[in-house]
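**Student:** In this note's numbering, the protein residues as written are 9 to 123.
No residue lacks a Cβ here, since even glycine has one placed at the ideal position from N, Cα and C.
Since we're looking at a predicted model, the values are computed, not measured.
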Amino acid sequence: MKIYFTAIGLFAITALAEIFGCYTFYLWLTLKKSPLWILPGVASLALFAWLLTLHPTAAGRTYAAYGGVYIAASLAWLKFVDGLSPDRWDFLGALVCLTGAAIILFPHVETITSN
Numbered sequence: 009m010k011i012y013f014t015a016i017g018l019f020a021i022t023a024l025a026e027i028f029g030c031y032t033f034y035l036w037l038t039l040k041k042s043p044l045w046i047l048p049g050v051a052s053l054a055l056f057a058w059l060l061t062l063h064p065t066a067a068g069r070t071y072a073a074y075g076g077v078y079i080a081a082s083l084a085w086l087k088f089v090d091g092l093s094p095d096r097w098d099f100l101g102a103l104v105c106l107t108g109a110a111i112i113l114f115p116h117v118e119t120i121t122s123n
């Protein structure tokens, strides 16, 4: 059971690194903030890429499952950073995506831990 929480935590940290990295470019290019914002953004995107290598499944499977977590994390970002509340359709969509991510990932995490 611990491996599942480790995988979920790793996906969450990975998503935050990617979203923050991309958001810094949004701050600079769209909101006209200082171009210095891209410095932590590039570091965050490099962290994101490195974190993806730590996941215990094949790269393609990791990316597929990560997509669901990214969607849910983006909705949390919408709420806590952008200050907008996701609606019921946002939550339903995230639930569907997270269910898909779990179906893709968790049977394979189990086989990795038994090897």
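So G49 and T32 are in contact, right, with Cβ under 8 angstroms, and what is the actual spacing, rounded?
**Tutor:** Right, the Cβ-Cβ distance comes to about 3 angstroms (below 8 angstroms), so this counts as a contact.
**Student:** Select from T70, L86 and I21 the residue whose C-alpha is nearest the C-alpha of F114.
**Tutor:** Considering only alpha carbons, the answer is T70.
**Student:** Candidates Y74, G68 and I46: which alpha carbon is nearest A15's?
**Tutor:** For A15, the nearest C-alpha among the options comes from Y74.
**Student:** In three-state terms, what does DSSP make of V89?
**Tutor:** Coil.
**Student:** Pairs of beta-carbons, one from the region 53-72 and one from the region 85-104, closer than 8 angstroms: are there three or more?
**Tutor:** Cβ pair count under 8 angstroms is below three, so no.
**Student:** With DSSP collapsed to three states, give me the class of T61.
**Tutor:** Residue state, collapsed to three classes: coil.
**Student:** Taking all protein chains shown into account, do 16 or more other C-beta atoms lie within 10 angstroms of the C-beta of F19, making it buried, or fewer, making it exposed?
**Tutor:** Buried.
**Student:** Span of the alpha helix (DSSP H) holding W36?
**Tutor:** Run containing W36: K10 to L37, per the alpha helix (DSSP H) assignment.
**Student:** Checking 8 angstroms against the spacing of the C-beta atoms, do W85 and I27 come in under that value?
**Tutor:** Their beta carbons are under 8 angstroms apart, which means W85 touches I27 by this criterion.
**Student:** If we call anything under 8 angstroms between Cβ atoms a contact, is A81 one with A25?
**Tutor:** Contact: no.
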